[in-house]
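I have placed the structure first, in the form of structure tokens, so that the comments after it can refer back to it.
Numbering (the UniProt record's numbering), first residue to last: 1 to 666.
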């Protein structure tokens with residue numbers, strides 16, 4: 001099969017049957033119904049209700065939403081494409097995720113849940129004081145969301161639409177963005193989490209079906225024999241050495257210098273990037289903050305850890321099978337041939353997954369796979385929209401409108417989502433001009449250039465009380481400048497295409513971006529520590545004073561440092577805001593008290609706005625006794641004995657599973 005296959009190379013847009021269209025329509029209607037149902041039953045009239053789902057989520061929707069938010073189109077396209085080109089090494093990102101989730105459960109969740117923040121910039125603001133770190137991280141997060149997350153999601157979704165479906169790009173993406181925006185704007189994080197849970201089942205089920213069909217075409221034994229022989233015809237005729245299957249394609253651990261993913265970089269570099277993504281990225285952290293207790297937040301983290309062991313089997317191996325079945329197209333090395341197969345001169349490995357959908361899925365199941373891709377795209381976009389809206393509203397808008405009422409913030413958050421939708425539509429034309437796929441190819445490297453400083457400062461903020469605002473801020477600035485310099489050099493001296501001479505500087509060519517990420521993390525950590533030691537320490541109220549107790553004055557901000565969070569608990573929040581003044585008297589309203597405008601003569605137009613924006617209730621009303629009890633439970637770090645045993649046992653089991661995967665596929 002090395003020379004090609006007898007499969008069709010056309011798109012399935014013209015071969016979709018009625019059952020396929022029915023499945024797609026049912027999917028869109030079903031997801032919209034779930035989103036609207038979640039919108040109607042959720043508390044949308046408060047910031048916590050809209051941005052944190054009221055902090056009422058159980059562990060299983062939290063875990064499912066974490067998985068769906070992480071597994072986007074870029075995973076189906078990127079993991080399968082990387083597997084087709086280089087083998088299973090890319091699965092190290094997913095396996096490493098399992099271990100990072102354990103660290104997250106035991107080191108970071110307590111600190112974040114206990115102080116009840118909305119965003120990561122807000123956490124660092126409470127940890128260090130001042131505003132410049134908060135504003136800088138908020139702006140950087142929004143820029144990265146637009147330039148990387150939205151662009152990657154739409155790029156990979158567009159690639160599938162064009163390569164596998166043959167559909168016009170604009171109407172397809174606009175329809176998906178519209179459906180996504182409706183329930184995201186109306187329901188907030190609650191609607192996003194519930195739809196993510198439904199989409200997780202669709203993603204896993206559909207991908208499992210394609211995996212089974214793929215292994216029916218090429219068995220495990222045949223894959224091990226035929227993948228090394230999957231050499232494109234033009235490479236055989238032209239005696240081209242580049243683009244050949246790697247000898248270590250079925251191994252995770254590879255040469256420390258001359259390989260696509262060196263094993264030291266895989267262990268340490270991915271850990272830095274993954275720690276930032278799991279513990280400091282707003283998309284992931286916001287879901288943990290939506291849990292109804294610390295135990296449920298930890299349970300959700302453990303669930304997504306188990307689910308992240310699946311991409312190796314659901315995406316990477318099918319990508320390798322695609323190379324065996326469609327060698328000339330997926331593994332093309334000649335620019336002319338590549339243009340013919342995928343309209344790209346630099347390679348066509350990104351079409352590995354769409355090629356499988358086109359050629360091996362029967363009628364009906366093609367519609368299922370289209371629903372899977374739509375699920376992954378919509379899950380990514382809803383997560384990005386909601387998290388970016390939270391950051392803009394909480395960290396940026398309040399800087400301009402410090403006395404803004406909660407109703408105003410609710411409307412601003414929804415309007416900003418619509419702005420992101422418009423930006424997403426505008427990105428379509430940019431995506432069409434980036435058919436080479438370089439935008440996607442550099443995403444992991446961009447993470448290694450910009451994320452390590454944030455990761456270093458966040459880890460020090462949680463683990464070392466002596467870290468102060470000056471050390472954290474200048475550490476971020478120092479790391480940002482170094483990362484920008486490396487990124488500029490990397491984009492200036494790009495990797496050579498097949499049969500081109502490598503003109504990059506030796507250090508750049510041999511210094512893998514994951515190695516650079518480890519270096520940058522270490523340098524920023526040292527710089528932050530030195531500056532912190534050379535400047536005055538923060539007041540104890542910013543780092544969690546050892547003398548804290550439940551009876552201490554509310555002014556001391558305990559639990560922002562891990563050591564303080566482990567030893568002391570306190571219930572010091574009210575109405576979703578940190579109490580920094582002397583303890584106030586909390587008014588408790590009676591259950592069933594009507595806060596809406598039931599007795600007012602409200603026009604139909606105003607009622608419509610209330611339904612969309614959640615402004616029909618008095619969000620400033622005092623909390624009920626039930627709400628106070630729920631808030632106290634959430635703010636407490638206590639776990640029942642049963643919860644502790646179950647969480648610890650499953651965490652240990654998950655760690656064992658990750659070690660087994662490392663050993664088996666080393």
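C-beta: ideal position from N, C-alpha, C; glycine also. What you are looking at is a predicted structure, and each value in this text was computed from that prediction instead of being measured.
Legend entry - Cβ-Cβ separation, residue 289 to residue 55 (assumed contact under 8 Å), whole Å: About 7 Å separates the beta carbons of residue 55 and residue 289, which is inside the 8 Å limit, making them a contact pair.
Inset, instruction - Drop a sphere of 10 angstroms on the beta-carbon of residue 444, count the other beta-carbons inside from all chains shown, and report buried for 16 or more, exposed for fewer. - result: Result: buried.
Legend entry - 6 Å CB neighbourhood of residue 380 in its chain, flanking five on each side removed: If you ignore the 5 residues before and after residue 380, its C-beta comes within less than 6 Å of the C-beta of 72 and 153, all in its own chain and listed in chain order.
Inset, instruction - Starting from residue 229, follow the alpha helix (DSSP H) in both directions and report where the run begins and ends. - result: In the DSSP assignment, residue 229 falls outside any alpha helix (DSSP H) and carries neither an H nor an E.
Legend entry - residue 231 to residue 244 span [Cα, whole Å]: Approximately 6 Å between the Cα atoms of the pair.
Inset, instruction - Over the uninterrupted alpha helix (DSSP H) stretch that includes residue 653, give me the two end residues. - result: Counting along the chain, the alpha helix (DSSP H) containing residue 653 begins and ends at 641-665.
Legend entry - Assigned secondary structure, residue 361 (DSSP; H/G/I helix, E/B strand, else coil): Correct three-state label for residue 361: coil.
Legend entry - Nearest-angstrom beta carbon gap, residue 504 and residue 516 [assumed within contact, 8 Å]: Actually they do not touch by this definition, with Cβ atoms about 14 Å apart.
Legend entry - Simplified DSSP state of residue 17, which is helix, strand or coil: Residue state, collapsed to three classes: coil.
Inset, instruction - Check whether the stretch 381-397 touches the stretch 353-368, taking contact to mean three or more Cβ pairs, one atom from each stretch, closer than 8 Å. - result: Result no; under three Cβ-Cβ pairs closer than 8 Å.
Legend entry - Straight-line Cα distance separating residue 267 from residue 171: CA-to-CA, the gap between residue 171 and residue 267 works out to about 42 Å.
Inset, instruction - Tell me whether residue 342 is buried or exposed, calling it buried when 16 or more other Cβ atoms sit within 10 Å of its Cβ. - result: When all chains shown are included, residue 342 counts as buried.
Inset, instruction - Tell me whether residue 656 is buried or exposed, calling it buried when 16 or more other Cβ atoms sit within 10 Å of its Cβ. - result: Answer is exposed; the Cβ neighbour count stays below 16.
Inset, instruction - Please go through the same chain and pick out, in chain order, the residues whose beta-carbon is closer than 7 Å to the beta-carbon of residue 339, but skip the five residues on each side of it. - result: Cβ within range, chain order: 345.
Legend entry - CB of residue 135 within 8 Å of CB of residue 126, strictly: Not in contact: residue 135 and residue 126 (Cβ atoms no closer than 8 Å).
Legend entry - Alpha-carbon to alpha-carbon, residue 157 and residue 78: Straight across, the Cα-Cα distance linking residue 78 with residue 157 is about 11 Å.
Inset, instruction - Grab me the residues of residue 489's own chain with a C-beta within less than 7 Å of its C-beta, minus the 5 sequence neighbours each way, in chain order. - result: Hits under 7 Å: 508.
Legend entry - Cβ pair residue 92, residue 319 closer than 8 Å: Contact annotation: residue 92 and residue 319 have beta-carbon atoms that are not nearer than 8 Å.
Inset, instruction - Sort out for me which residues DSSP pairs residue 378 with in a bridge. - result: Per DSSP, none; premise fails for residue 378.
Legend entry - DSSP state of residue 198 mapped onto helix, strand, coil: In the structure shown, residue 198 sits in a helix (DSSP, three-state: H, G or I).
Inset, instruction - Look up residue 288 in the DSSP assignment and say whether it is helix, strand or coil. - result: Three-state result, residue 288: helix.
Inset, instruction - Evaluate contact between the stretch 90-104 and the stretch 298-306, counting only Cβ atoms and requiring at least three cross-stretch pairs below 8 Å. - result: The stretch 298-306 and the stretch 90-104 touch, with three or more beta-carbon pairs separated by less than 8 Å.
Inset, instruction - With a threshold of 16 other CB atoms inside 10 Å of the CB of residue 486, please say whether the residue is buried or exposed. - result: Counting of Cβ neighbours within 10 angstroms places residue 486 among the buried residues, the total reaching 16 or more.
Inset, instruction - With 8 Å as the threshold, decide whether the Cβ of residue 344 is near any Cβ in chain C. - result: Structure shown: chain C not included; a single protein chain is present.
Inset, instruction - Would you kindly work out how many angstroms separate the C-alpha atoms of residue 451 and residue 277, rounded to a whole number? - result: A direct Cα-Cα distance of roughly 8 Å separates residue 451 from residue 277.
Legend entry - Presumed contact (8 Å Cβ cut-off) between residue 287 and residue 62, rounded CB distance: Taking a contact as a CB-CB distance under 8 Å, the pair residue 287 and residue 62 counts as one, their CB atoms being some 5 Å apart.
Inset, instruction - Would you mind giving the Cβ-Cβ distance between residue 483 and residue 520, rounded to the nearest angstrom? I have them listed as a contact below 8 Å. - result: Going by Cβ atoms, the distance from residue 483 to residue 520 rounds to 6 Å, so yes, they are a contact pair.
Inset, instruction - Taking 8 Å as the cut-off, decide whether the C-beta atoms of residue 454 and residue 137 are in contact. - result: It is a contact, given that the beta carbons lie within the stated cut-off.
Inset, instruction - Kindly indicate which residue of 70, 468 and 180 has the alpha-carbon position closest to the one of residue 540. - result: Residue 540 has its Cα closest to that of 468, out of 70, 468 and 180.
Legend entry - Delimiting residues of the alpha helix (DSSP H) encompassing residue 242: Careful: residue 242 lies outside any alpha helix (DSSP H) and carries neither H nor E.
Legend entry - residue 512 classed as buried or exposed, judged by whether at least 16 other C-beta atoms fall within 10 angstroms: The residue is buried, with at least 16 neighbouring Cβ atoms inside 10 Å.
Inset, instruction - Locate the alpha helix (DSSP H) running through residue 304, then write down its first and last residues. - result: For residue 304, the enclosing alpha helix (DSSP H) covers residues 294-307.
Inset, instruction - Taking residue 67 and residue 376 to be in contact with their CB atoms under 8 Å, please state how far apart those CB atoms are, rounded to whole angstroms. - result: Rounded, the Cβ-Cβ distance is 11 Å, inconsistent with contact.
Inset, instruction - Using 10 angstroms around the beta-carbon of residue 369, count the other beta-carbons present and answer buried if the total reaches 16, otherwise exposed. - result: The residue is buried, with at least 16 neighbouring Cβ atoms inside 10 Å.
Legend entry - Residue closest to residue 206, alpha-carbon to alpha-carbon, out of 23, 219, 87 and 300: It is 23 whose Cα lies nearest to the Cα of residue 206.
Inset, instruction - Specify, as a first and last residue, the run of the alpha helix (DSSP H) that residue 121 falls within. - result: For residue 121, the enclosing alpha helix (DSSP H) has its first and last residue at 120-128.
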